[in-house]
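Asks:
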Amino acid sequence: MQPVDSHLFLIVGAALFSIGLAVVLLKRHVIVVLMGIELMLNGVNVNLVAFSQYDPDRLQGQMLALFVMVVAAAESAVALAIVLQVYRHFRTAQLDELNELKQ
Amino acid sequence: MIQLAFYAFAGLSLMGALAVLFTRNVLYAAFFLLLTLLGVAGLFVLASADFLAIAQIMIYVGGVLVLVIFGVMLTHKPEPPGDSNSQQPNRIVSQNRSGNGSGWILAVFVTGSLFAALFTLLARANFVLLTQPVGWQSTVNTIGKQLMTEYVVPFELAGILLLAALVGATYLASPLAKSSRNATR
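Residue numbers (this note's numbering), protein chains in the order written: chain A, 1 to 103; chain B, 1001 to 1185.
1) List the residues of chain A that A1195 of chain B touches, going by C-beta distances under 8 Å, in chain order.
2) Can you find a CB in chain E that lies within less than 8 Å of the CB of S1013 of chain B?
3) Does the beta carbon of A1008 of chain B sit closer than 8 Å to a beta carbon anywhere in chain A?
4) Cβ closer than 7 Å: which chain B residues qualify as neighbours of V49 of chain A?
5) Check whether chain B comes within 8 Å of L98 of chain A, counting only Cβ atoms and requiring the distance to be less than that.
6) At 8 Å on the CB atoms, spell out the chain A contacts of F1119 of chain B, in chain order.
7) Below 8 Å between beta carbons: does that hold for V1026 of chain B and H29 of chain A?
8) Classify F1127 of chain B as buried or exposed, calling it buried when 16 or more other Cβ atoms lie within 10 Å of its own Cβ.
9) Could you name the residues of the same chain whose beta carbon sits closer than 8 Å to that of V1072 of chain B, not counting the 5 residues immediately before and after it, in chain order?
10) With D1050 of chain B as the anchor, note down where its alpha helix (DSSP H) starts and where it stops.
11) Does H1076 of chain B come out as helix, strand or coil in the three-state DSSP assignment?
12) For I11 of chain A and Q103 of chain A, I'd like the C-alpha separation in whole angstroms.
13) L16 of chain A by DSSP, collapsed to three states: which one?
14) Pick helix, strand or coil for K102 of chain A, following the three-state DSSP scheme.
15) Could you tell me the boundaries of the alpha helix (DSSP H) in which V83 of chain A lies?
16) Cβ of Q62 of chain A less than 8 Å from any chain B Cβ?
17) Answer with yes or no whether the minimum CB distance from I1105 of chain B to chain A is below 8 Å.
18) Where does N1126 of chain B sit, in a helix, a strand or coil, going by DSSP?
19) Check the Cβ of I1057 of chain B against every Cβ in chain A and list those closer than 9 Å, keeping chain order.
20) Do you know offhand how far L1021 of chain B's Cα is from F1051 of chain B's?
21) Rounding to the nearest angstrom, what Cα-Cα distance links L1012 of chain B and L1035 of chain B in this structure?
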């Protein structure tokens, strides 16, 4: 039984990764950049899960996706704490305005 | 029918991601990210990963997205008084980098070429694995067994990592850290 062609999963994952990379490159607000990183991690997870359905005995791809989720949650918690401190210090959350070393 | 559901979820997630890219309002971007995460959870179900779909909804939608919205709210520069009108939508604007258009060109070039390369690679690739039959069965049993046998070391490490992240985030975000930093400055 092959309900959905798995190449489509891979293409959706590639598209999500590319859009996330565009968000990271393009946006100036720190939190939107974090959202772009989450999008990239989700694209990678889609890829892992798409391959993992052919491995129902060990499920290595799904286990890796699970650990990616755990690390992403920890990463976003720490990153938002750092963003809060940066905002308290500089009173801004736009990345291009954090140029103290350049001045 | 399953094909239709797949295209619906894929379209939902891709549209949400594109809306995150194109919207200027940070709060709207957070809610479009919610659409994307829900679509990805649906894709997980269609790839017979039921446990991961639930974990995606609970961790990302219930945890990460709430954190992100808290972050948006806490880093909001308040409007000057007298200007705040309750009829106005909540505008927290994210500018684009180097807004004279060169930023767009660079980002579109880099990510477009990356996607084109990946697309041609995936369209031409002939994975032997992907021609095998797959079956629908619940993965909860297997994931539980794997977590306790083959992946027990990463499982425990994940616990330590989460504890460290919890303590670190609490310490970093607390105003105590600010006063000690001011003392050392």
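Glycine included, every Cβ here is placed at the ideal spot set by N, Cα and C.
Replies: On the basis of the data shown:
1) Examination of residue 1195 of chain B is not possible in this model, given that chain B is present from 1001 through 1185 alone.
2) Judged by its chain identifiers, the structure shown contains no chain E, and its protein chains are A and B.
3) No, its Cβ sits nowhere closer than 8 Å to a Cβ of chain A.
4) F1044, A1047, A1049, L1052
5) For L98 of chain A, no CB of chain B lies under 8 Å from its own CB, so it is not counted at the interface with that chain.
6) I11, A14
7) yes
8) exposed
9) V1026, L1027, A1030, I1092
10) Under the DSSP assignment, D1050 of chain B falls in the alpha helix (DSSP H) whose first and last residues are 1050–1056.
11) coil
12) 44 Å
13) helix
14) Coil, per DSSP.
15) 60–90
16) So, interface residue.
17) no
18) coil
19) Here the premise fails: no neighbours, minimum Cβ distance about 11 Å.
20) Going by the C-alpha atoms only, they are around 29 Å apart.
21) 7 Å
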